[in-house]
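Q: The listed protein sequences correspond, in order, to chains A and B. Going left to right, the first sequence walks through residues 1 to 364 as the UniProt record's numbering numbers them. Going left to right, the second sequence walks through residues 1 to 364 as the UniProt record's numbering numbers them. Ideal placement from N, C-alpha and C gives every residue a C-beta, glycine not left out. Small disclaimer: the values here were computed from a predicted structure and weren't measured. Supplied in structure tokens, the structure appears directly below.
2 protein chains.
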Amino acid sequence: MRELTVDLGDRSYPIYFGEGLIQQAGQLFTKHGITSKSPLLIVTDEHVAPHYLSNLESAFAASGYRTASYIVPAGEKSKSLSQLEEIVTVALEAGLDRSSTVIALGGGVVGDLAGFVAASYMRGVKFVQIPTTILAHDSSVGGKVGVNHVLAKNIIGAFHQPEMVLYDLNTLRSLPYREIVAGLSEMIKHGLIWDAEFIAWLDEHTQHLLTLEPEALSYGLYQGCNVKSIVVSRDERENDLRAILNLGHTIGHALEAVSGYNELLHGEAISIGMVGSAKLAVHLGYDASIYHETKRILSKFGLPTQIPTHLNVDQIMNAMMHDKKFKEGSMVFVVPIAIGQVEILKDVSAQLVRQVVMELKEDV
Amino acid sequence: MRELTVDLGDRSYPIYFGEGLIQQAGQLFTKHGITSKSPLLIVTDEHVAPHYLSNLESAFAASGYRTASYIVPAGEKSKSLSQLEEIVTVALEAGLDRSSTVIALGGGVVGDLAGFVAASYMRGVKFVQIPTTILAHDSSVGGKVGVNHVLAKNIIGAFHQPEMVLYDLNTLRSLPYREIVAGLSEMIKHGLIWDAEFIAWLDEHTQHLLTLEPEALSYGLYQGCNVKSIVVSRDERENDLRAILNLGHTIGHALEAVSGYNELLHGEAISIGMVGSAKLAVHLGYDASIYHETKRILSKFGLPTQIPTHLNVDQIMNAMMHDKKFKEGSMVFVVPIAIGQVEILKDVSAQLVRQVVMELKEDV
Ligand SMILES: NC(=O)c1ccc[n+]([C@@H]2O[C@H](COP(=O)([O-])OP(=O)(O)OC[C@H]3O[C@@H](n4cnc5c(N)ncnc54)[C@H](O)[C@@H]3O)[C@@H](O)[C@H]2O)c1
Ligand SMILES: NC(=O)c1ccc[n+]([C@@H]2O[C@H](COP(=O)([O-])OP(=O)(O)OC[C@H]3O[C@@H](n4cnc5c(N)ncnc54)[C@H](O)[C@@H]3O)[C@@H](O)[C@H]2O)c1
Ligand SMILES: [Zn+2]
Ligand SMILES: [Zn+2]
């Protein structure tokens, strides 16, 4: 079992990486002083529940914990205030009190939703994440929780750090292959923004990761969380440094919006976005190898590096301008200046971004 | 203009008490460094808006602030997730960003709702309260914000301290008399739990307060906020001391629940509850004068001191047991041990409480 401490003063917490952690959940809760006097609430989704919910419930029961469970439909739509309201109904009926803990068993959707329940139920109760996707290594560090509004994603939420995170590698075996690949995109991002050695390691272990080889998976998730954790520790409330985590996200979010959130997975969209940022870097005079390396490593993982040809450049530009409310003609952009190093550039010309978007579509 | 600082380290904030503060709102915002680059959002209710909204909007406009406004129906029902969602729609349409401020113009309902919007919009923006009821002197200190769920009041929320509070005494002139009296009940509570001198002052200035004489009103609100502020500063997250603020609330909440939340105002219900606590004190061996004094001062303000005869004792007891999930046969109770001093007793017998409830009904 690997362990990482996310260092946030009196809100610090451990992330455990290992096989079979679900079976040990009850013991780990006891070890961390989580009371069995108050009931626990497990939030999960309909894809995850059939595989792991009853195991988790049994593990808790064996350690003397009472649990209630709630299963949301799979997918982004469940990050809503109406799901929050439903979950609070269940919490009240199960008698959750201020000493209770809310548990997210699932990917980033369940994590964000259950985390916001934990942040707001009785003005805040304990929260534990049991992530079941690779992408959720990203969402399990940083404490951002929340739900969507019809007009904007992640707009209603809080900062609420978990008590701990249990990353049971076995749960990833049931994850669809496309979700595995998309999740690795954020892992590669963590290398690209901070850690050239990690990129070299990812390059060497591509196949081990794609086949979920436990030792490689454990280290990759650990190191991905580690990079995010370092960044978040230095800027918990997103005042400056934390923005580097948005590498690839400006273009990526625009692509998700324009393609209607069903064509591209988030990790796929930001893969294209990261290639775009690397292209931008080269246009701004940085070494051409940044672009070639970024593109090579993402392609090696089977991630897309090109904008689907049917998407419209004007619409993509509009989505970007709207999303971030850029000032006339200039944009804030996270740009790689070497592999493993980025800078936040405050006034990249929108014209240049447009050119990059066009090139990304034509793959030149 | 009086000023009080609520002392919470780097979350400290001022409360201003004075006549005509709404007209000065723009200047006060500028003085406190609130940017005019980002739009403000004013949340108010349909009783308050016709009197004060356009004045407030003009004051902001005169100081170069852009504002959007949203008017909720008056009453407790507006403390809901669906109102939150509506307000977020308005916020997004008005272009509120992370540097924006949400303003509550109204009583405790608007304060709790708008405060939770501020706590959760983009994971937290600035919040300013402009209370328009006397009861809201209580809700403007302590940072508790939130909404109701059909099954439980105030169950979804956050701790979110305001940037400042502008108590414009002029707004209280349009408040219905019954609301004035009910609001004074919480002011008396602040005396009863902490400050015998303040009780003596309240005794002397009863008429001045009931007629909203500005100097008395200003001092009474100031001192009420001051007591709450001292308690909250010592226990911001409600771990122990803060519970003394619940004097009268255990019985009071039960009365509100049993009478269906439309017969008794909150201040009226806790007035009866405070008399109950004083009765309990006497049964526990404390001086009989505690009961007589408590009852006398509340009556002098025209507050009820007796349970309406048609309410059922069993139902009241059930509501109490359910509300606080008391352990078998014993209850936690805030009990006055002198005028201006209370204790939290951990195992008051439910039987004794039942007797007190019966006596409160028969007014013996
Ligand atoms: N809070 C943060 O800091 C943060 C960071 C990144 C992403 N996010 C959020 O995370 C969400 C995306 O996360 P995600 O990609 O994990 O999405 P997800 O939770 O929707 O999971 C993806 C899909 O895989 C299924 N699934 C999950 N685990 C499975 C398993 N073990 N076996 C089989 N199927 C499984 C899910 O049901 C879903 O269909 C977005 O809402 C995004 O906003 C949040
Ligand atoms: N957050 C806290 O710490 C805290 C503390 C105490 C109470 N509260 C909450 O406060 C709420 C009760 O507050 P309240 O008594 O102010 O209720 P309220 O906001 O509903 O106001 C009472 C009534 O007076 C009207 N009104 C308000 N100001 C007026 C004015 N100046 N002129 C004319 N009419 C006016 C309102 O429209 C309403 O009909 C409850 O929801 C309670 O839970 C919160
Ligand atoms: Zn992302
Ligand atoms: Zn009260």
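So, using beta-carbon positions, are I42/B and T67/B closer together than 8 Å?
A: Here residue 42/B corresponds to residue number 42 of the second sequence, with the count starting at 1. Here residue 67/B corresponds to residue number 67 of the second sequence, with the count starting at 1. Yes, Cβ-Cβ distance for I42/B and T67/B is below 8 Å.
Q: Have a look at A319/A, G183/A, D168/A and flag the residue whose alpha-carbon is nearest the alpha-carbon of V353/A.
A: As a first step, residue 353/A must be located in the first sequence, where it is residue number 353. The shortest Cα separation from V353/A among A319/A, G183/A, D168/A belongs to A319/A.
Q: Closer than 7 Å: is that where the CB of D138/A sits relative to any heavy atom of ligand 3?
A: The sequence position of residue 138/A within the first sequence is 138, counting from 1. D138/A: yes, Cβ under 7 Å from ligand 3.
Q: Does DSSP put P131/A in a helix, in a strand, or in coil?
A: Stepping through the first sequence from its first residue, residue 131/A is reached at position 131. Correct three-state label for P131/A: strand.
Q: Classify I22/B as helix, strand or coil using the three-state DSSP reduction.
A: Along the second sequence, one-based indexing puts residue 22/B at 22. Coil.
Q: Going along chain A in order, which residues have a C-beta closer than 9 Å to the C-beta of A144/B?
A: Translated into the one-based positions of the second sequence, residue 144/B becomes position 144. Looking at the sequence shown, residue 144/B is not Ala but Lys. Per Cβ cutoff of 9 Å: R123.
Q: Quick check on Y291/A: does DSSP put it in helix, strand or coil?
A: Position 291 of the first sequence, counted from the first residue, corresponds to residue 291/A. If DSSP states are grouped into helix, strand and coil, Y291/A belongs with the helices.
Q: Cβ closer than 9 Å: which chain A residues qualify as neighbours of T89/B?
A: As a position in the second sequence, residue 89/B is number 89, starting the count at 1. Within 9 Å Cβ-Cβ: H149, V150, L151.
Q: Could you tell me the distance, in whole angstroms, from the CA atom of A196/A to the CA atom of I339/A?
A: As a working note, residue 196/A is residue 196 in the first sequence. As a working note, residue 339/A is residue 339 in the first sequence. Computed Cα separation, rounded: 6 Å.
Q: Taking C-alpha atoms, which residue in T101/B, H208/B, G267/B, Q24/B lies nearest to Q161/B?
A: Counted from its first residue, the second sequence places residue 161/B at position 161. Q161/B has its Cα closest to that of T101/B, out of T101/B, H208/B, G267/B, Q24/B.
Q: For G157/B, decide whether its Cβ has a neighbour in chain A, counting only Cβ atoms nearer than 8 Å.
A: Within the second sequence, numbered from 1, the residue matching residue 157/B stands at position 157. True, the Cβ-Cβ gap to chain A drops below 8 Å.
Q: Would S140/A pass as an interface residue toward chain B - the criterion being a Cβ-Cβ separation below 8 Å?
A: In the first sequence, counting from the first residue as 1, residue 140/A sits at position 140. No, because no Cβ of chain B sits closer than 8 Å to the Cβ of S140/A.
Q: Excluding sequence positions up to five away, which residues of its chain have a Cβ less than 6 Å from the Cβ of L212/B?
A: Within the second sequence, residue 212/B is the residue found at index 212, counting from 1. Excluding sequence neighbours, L212/B sits near L172.
Q: At a Cβ threshold of 8 Å, is T120/A touching chain B?
A: Counted from its first residue, the first sequence places residue 120/A at position 120. Note that residue 120/A is Ser in the sequence shown here, rather than Thr. Chain B contact via Cβ: present.
Q: Spell out a yes or no on whether the segment 116 to 131 of chain A and the segment 150 to 159 of chain B are touching, meaning 3 or more CB-CB pairs, one atom from each, closer than 8 Å.
A: yes
Q: Excluding the five sequence neighbours on either side, which residues of its own chain have a C-beta within less than 6 Å of the C-beta of Q137/A, listed in chain order?
A: One-based indexing of the first sequence puts residue 137/A at position 137. It should be pointed out that residue 137/A corresponds to His in this sequence rather than to Gln. For H137/A, where only same-chain residues beyond five positions count, the Cβ hits under 6 Å are L221, G224, C225.
Q: With distances taken Cα to Cα, identify the nearest neighbour of V6/A among V232/A, L241/A, Q23/A, N312/A.
A: Indexing the first sequence from 1 puts residue 6/A at position 6. The shortest C-alpha separation from V6/A is found at V232/A.
Q: Report the CB separation of F116/B from L84/B in whole angstroms; it is logged as a contact under 8 Å.
A: Locating residue 116/B in the second sequence gives position 116, counting from the first residue. Locating residue 84/B in the second sequence gives position 84, counting from the first residue. Correct: roughly 6 Å between the Cβ atoms.
Q: Give me the residue from P308/B, L184/B, L96/B, Q129/B with the minimum Cα distance to G107/B.
A: Position 107 of the second sequence, counted from the start, is the residue given in the question as residue 107/B. Nearest of P308/B, L184/B, L96/B, Q129/B to G107/B, Cα basis: Q129/B.
Q: For ligand 2, I want to know if S174/B counts as a neighbour, meaning its beta carbon is within less than 7 Å of at least one of the ligand's heavy atoms.
A: Stepping through the second sequence from its first residue, residue 174/B is reached at position 174. Between ligand 2 and the CB of S174/B, the shortest heavy atom gap is smaller than 7 Å.
Q: Any C-beta of chain A within less than 7 Å: which residues of the segment 102 to 117 of chain B qualify?
A: none
Q: Kindly say whether E85/B, judged by its beta-carbon, lies nearer than 8 Å to any beta-carbon of chain A.
A: Within the second sequence, the letter at position 85 stands for residue 85/B. Yes, E85/B lies at the interface with chain A (some Cβ there is under 8 Å from its Cβ).
Q: Heavy atom of ligand 3 less than 7 Å from the Cβ of E186/A, yes or no?
A: Taking the first residue of the first sequence as 1, we reach residue 186/A at position 186. Yes; taking the cut-off as 7 Å, the Cβ of E186/A has a heavy atom of ligand 3 nearer than that.
Q: Straight-line CA distance for residue 372/B to N148/B?
A: In this structure chain B extends from 1 to 364, so residue 372/B is not present and cannot be described.
Q: When you compare only the Cα positions, how much space is there between A49/B and F60/B?
A: In the second sequence, counting from the first residue as 1, residue 49/B sits at position 49. In the second sequence, counting from the first residue as 1, residue 60/B sits at position 60. Our two residues, A49/B and F60/B, have alpha carbons roughly 15 Å apart in a direct line.
Q: K295/B to K189/B, Cα distance in whole Å?
A: As a working note, residue 295/B is residue 295 in the second sequence. As a working note, residue 189/B is residue 189 in the second sequence. Going by the C-alpha atoms only, they are around 12 Å apart.
Q: Within the present structure, is the beta-carbon of I130/B separated from the nearest heavy atom of ligand 3 by less than 7 Å?
A: On the second sequence, residue 130/B is found 130 positions in, with the first residue counted as 1. For ligand 3, no non-hydrogen atom lies closer than 7 Å to the CB of I130/B.
Q: How would you call N239/B, buried or exposed, if buried means at least 16 neighbouring beta carbons within 10 angstroms?
A: Counted from its first residue, the second sequence places residue 239/B at position 239. Exposed, since its Cβ has fewer than 16 Cβ neighbours within 10 Å.
Q: Alpha carbon to alpha carbon, what distance is there between F17/B and F301/B?
A: Taking the second sequence and counting its residues from 1, one reaches residue 301/B at position 301. Taking the second sequence and counting its residues from 1, one reaches residue 17/B at position 17. The alpha-carbon atoms of F301/B and F17/B are separated by roughly 22 Å.
Q: Would you call the CB atoms of I270/A and I307/A closer than 8 Å?
A: As a working mapping, residue 270/A is identified with position 270 in the first sequence. As a working mapping, residue 307/A is identified with position 307 in the first sequence. Contact flag unset, no.
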